[in-house]
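All remarks here apply to the structure that follows.
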Amino acid sequence: MTITDVLTFVGIAVSIIFGFIISHFCSIRDTRTRVIKDYYIEEVKNIKKRIDDFFHEITFGKSSFRNVVDWYDHLAIDIDGIDQGVRKSLDMHIGDIIKLVDNYYNEITSWENFNNQYTANNYLPSVSDKQRLKQMKFDCDEFLNDYISQVNQSNAYPIWKDQWSRILNNYHYFKESHKSNAAIRAFGERLEKHLFDILMIFAVISTSIYLLLNIEPEKKEDLYDPLKSIADKQDSIHEEMRLFREKYKPVEIQSKSYRNSSFFNANKVDSVQIKLYQGRP
Amino acid sequence: MVNNIIKVKILDFTENPGPRYVKQDAPESQNSGEAFYVYKLNAIFAQAVKENKRIVLELDGVSGYPSSFLDEAIGELVYDFTLDVVKNHLEFESKMYCRRINQVKEETYLQWEKRRIDKEEVSHSQNLNHDIFYLDNNRSIATKHLS
Chain B
1058 MTITDVLTFV GIAVSIIFGF IISHFCSIRD TRTRVIKDYY IEEVKNIKKR
1108 IDDFFHEITF GKSSFRNVVD WYDHLAIDID GIDQGVRKSL DMHIGDIIKL
1158 VDNYYNEITS WENFNNQYTA NNYLPSVSDK QRLKQMKFDC DEFLNDYISQ
1208 VNQSNAYPIW KDQWSRILNN YHYFKESHKS NAAIRAFGER LEKHLFDILM
1258 IFAVISTSIY LLLNIEPEKK EDLYDPLKSI ADKQDSIHEE MRLFREKYKP
1308 VEIQSKSYRN SSFFNANKVD SVQIKLYQGR P
Chain W
121 MVNNIIKVKI LDFTENPGPR YVKQDAPESQ NSGEAFYVYK LNAIFAQAVK
171 ENKRIVLELD GVSGYPSSFL DEAIGELVYD FTLDVVKNHL EFESKMYCRR
221 INQVKEETYL QWEKRRIDKE EVSHSQNLNH DIFYLDNNRS IATKHLS
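Chains as they are written, first to last, in our numbering: chain B, 1058 to 1338; chain W, 121 to 267.
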């Protein structure tokens, strides 16, 4: 087997591997990621609506001290769930939603005017409180829009992180189910799932290694000597010519050309010019 | 070194933690941070300091915390007993309200310690008519009357 054969084989193998990865892993991962993104974007939109409604109600005096506390208590749980879920599935780089909302909740519930209306059926914000509430709503809207955009643009975690987290999940599942050898089962589940892929990659790699180790170099025709011989001859002719030119000089005499003459008995020679040289003094 | 633990559940005091001051609360109700401090936490904490015990304050089980409730209750504790003593004798326990705990540790502790050092006046509701404990300049426990 020659290098050309090996290269051909490697080319085919690489094409197969890339084709498989693109068609199998990439497309499936993209589809899964899209579904997750759509789900969480919908969830964040719901949160955004709840926050919008909250600020609308509190600004227009339709909420009370107790409602605000209860609203935040439930919202915080939901936001935590969504935020943690998003970050578990997607590689996100944006602050927590709850941090912003929590800051505003703290601010509102520390207002003296708000505390003074603890027993009132409806909390009526002062003019300055209303202004501040509007600003808070604007900030929340802006942040959540950025958040949705981030969810949409974020990528899934690299495949090794993904697989590792699945192995850990499997491990906890088997351990909680009181199965023996939870760690081996966790790895086994992943191996079983990707057995065909692993076997294929293993086959290609081992075949490539085998071919590389058993490769026989092509026997090239040794052109060195004939080429050197030609070069030497050319050099010697050139040298002879040089010596000739040094030794003799051309002499102008009346010359005569012979055309198609039988003088040289050569059919393909059209004409011959004879130059005479005289030895240099 | 602090030994034993005294558990204090806020749920035993109120299900609905409310406003900052007693005067802001509904009549005959005890949902405010000030009431929790004056009528419950202050005495238990003083006892814990005397007996070299540690208080574990359980936050879970209530319907939610407005920030003013814990700020007043824990803040006054820092004001009366100093931040060092409070850190040494008070722990929090919660699964639901970790953010409130962080807020207390990061903001309330520092703000009220500063108020104590600056000798800033702390306002109270009127007609509390109750004695509360505090650490005097000799770092021994004394009482003062809130009228």
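Even for Gly, the Cβ is constructed at its ideal location relative to N, Cα and C.
Quiz item: Per DSSP, what kind of secondary structure is proline 1283 (chain B) in: helix, strand or coil?
Solution: Annotated three-state conformation of proline 1283 (chain B) is helix, per DSSP.
Quiz item: Shorter than 8 Å from the beta carbon of serine 1237 (chain B) to some beta carbon of chain W?
Solution: Output row for serine 1237 (chain B): interface = no.
Quiz item: In this structure, what does DSSP give as the bridge partners for tyrosine 1305 (chain B)?
Solution: In DSSP, tyrosine 1305 (chain B) forms a bridge with B:Gly1336.
Quiz item: If you measure from the beta carbon of tyrosine 191 (chain W) to each beta carbon in chain B, is any gap under 8 Å?
Solution: The sequence given here has aspartate at residue 191 (chain W), not tyrosine. Yes - at least one Cβ of chain B is within 8 Å of the one on aspartate 191 (chain W).
Quiz item: According to the neighbour-count rule (16 or more other Cβ atoms, all chains shown, within 10 Å of its Cβ), is threonine 1065 (chain B) buried or exposed?
Solution: Under this definition threonine 1065 (chain B) is an exposed residue.
Quiz item: Shorter than 8 Å from the beta carbon of serine 243 (chain W) to some beta carbon of chain B?
Solution: It does not: the Cβ of serine 243 (chain W) has no partner Cβ on chain B nearer than 8 Å.
Self-check item: Among B:Gly1245, B:Ala1070, B:Asn1227, the one whose alpha carbon lies nearest that of isoleucine 1262 (chain B)
Solution: It is B:Ala1070 whose Cα lies nearest to the Cα of isoleucine 1262 (chain B).
Quiz item: Helix, strand or coil for glutamate 135 (chain W) per DSSP?
Solution: Reduced to three states, the DSSP call for glutamate 135 (chain W) is coil.
Quiz prompt | Strand pairing of histidine 265 (chain W), partner residues [DSSP] | solution = According to DSSP, histidine 265 (chain W) shares a beta bridge with W:Asp251.
Exercise. Determine, using beta carbons only, whether asparagine 136 (chain W) comes closer than 8 Å to chain B.
Key: With a threshold of 8 Å between beta carbons, asparagine 136 (chain W) makes contact with chain B.
Practice problem: Quick one: list the residues of chain W neighbouring serine 1167 (chain B), beta-carbon separation under 9 Å, in chain order. | Solution: The answer, in chain order, is Arg140, Pro186, Ser187, Ser188, Asp191.
Quiz item: So, threonine 134 (chain W) versus asparagine 162 (chain W), is the Cβ gap smaller than 8 Å?
Solution: In this structure, asparagine 162 (chain W) does not lie closer than 8 Å to threonine 134 (chain W) by Cβ.
Quiz item: At a Cβ cut of 8 Å, what residues of the region 1104 to 1128 of chain B count as close to chain W, listed as they run along the chain?
Solution: From the region 1104 to 1128 of chain B, only Phe1122, Arg1123, Val1125, Val1126, Asp1127 have a Cβ closer than 8 Å to chain W.
Quiz item: In the DSSP assignment, what residue or residues form a beta bridge with lysine 127 (chain W)?
Solution: Answer is W:Val176, bridged to lysine 127 (chain W).
Self-check item: Proximity test, Cβ basis, 8 Å: aspartate 238 (chain W) and chain B
Solution: It does not: the Cβ of aspartate 238 (chain W) has no partner Cβ on chain B nearer than 8 Å.
Practice problem: Measure from the alpha carbon of phenylalanine 1122 (chain B) to the alpha carbon of each residue in B:Phe1082, B:Lys1156, B:Tyr1214, B:Phe1171, then state which is nearest. | Solution: Residue nearest to phenylalanine 1122 (chain B) within the set B:Phe1082, B:Lys1156, B:Tyr1214, B:Phe1171 is B:Phe1171 (criterion: CA-CA distance).
Quiz prompt | Bridge-paired residues (DSSP) for phenylalanine 212 (chain W) | solution = Phenylalanine 212 (chain W) is bridged to W:Leu177.
Self-check item: Contact belief for leucine 1157 (chain B) with aspartate 1196 (chain B) at Cβ below 8 Å, rounded distance in angstroms
Solution: Sure, about 7 Å apart at Cβ, within 8 Å.
Practice problem: Name, going along the chain, the residues of the region 154 to 184 of chain W whose beta-carbon falls closer than 8 Å to a beta-carbon of chain B. | Solution: Of all residues in the region 154 to 184 of chain W, those with a C-beta nearer than 8 Å to a C-beta of chain B are Ser183, Gly184, reading in chain order.
Self-check item: Among W:Leu131, W:Glu154, W:Arg220, the one whose alpha carbon lies nearest that of histidine 247 (chain W)
Solution: The amino acid at residue 247 (chain W) is misidentified as histidine; the sequence shows asparagine. Ranking the options by Cα distance to asparagine 247 (chain W), first place goes to W:Glu154.
Quiz item: Counting only beta-carbon atoms, is asparagine 1178 (chain B) nearer than 8 Å to chain W?
Solution: Asparagine 1178 (chain B) does not count as touching chain W.
Quiz item: Skipping 5 residues on each side, what residues in its chain have a beta carbon closer than 7 Å to that of leucine 203 (chain W)?
Solution: A distance below 7 Å between beta-carbons, with the five flanking residues on each side excluded, links leucine 203 (chain W) to the following residues of its chain, in chain order: Tyr229, Glu233.
Quiz item: Is the distance from the Cβ of valine 130 (chain W) to the Cβ of leucine 179 (chain W) below 8 Å?
Solution: Here residue 130 (chain W) is isoleucine; the residue named in the question, valine, does not match the sequence. Result yes, Cβ atoms of isoleucine 130 (chain W) and leucine 179 (chain W) sit closer than 8 Å.
Exercise. At 8 Å on the CB atoms, spell out the chain W contacts of asparagine 1163 (chain B), in chain order.
Key: Under the 8 Å cutoff, chain W gives Ser187, Gln223.
Quiz item: threonine 1166 (chain B): buried (16+ other C-beta within 10 angstroms of its C-beta) or exposed?
Solution: It counts as buried.
Quiz item: Taking Cβ-Cβ distances shorter than 8 Å, what residues in chain B pair up with arginine 219 (chain W)?
Solution: Under the 8 Å cutoff, chain B gives Ala1133, Ile1155, Asp1159.
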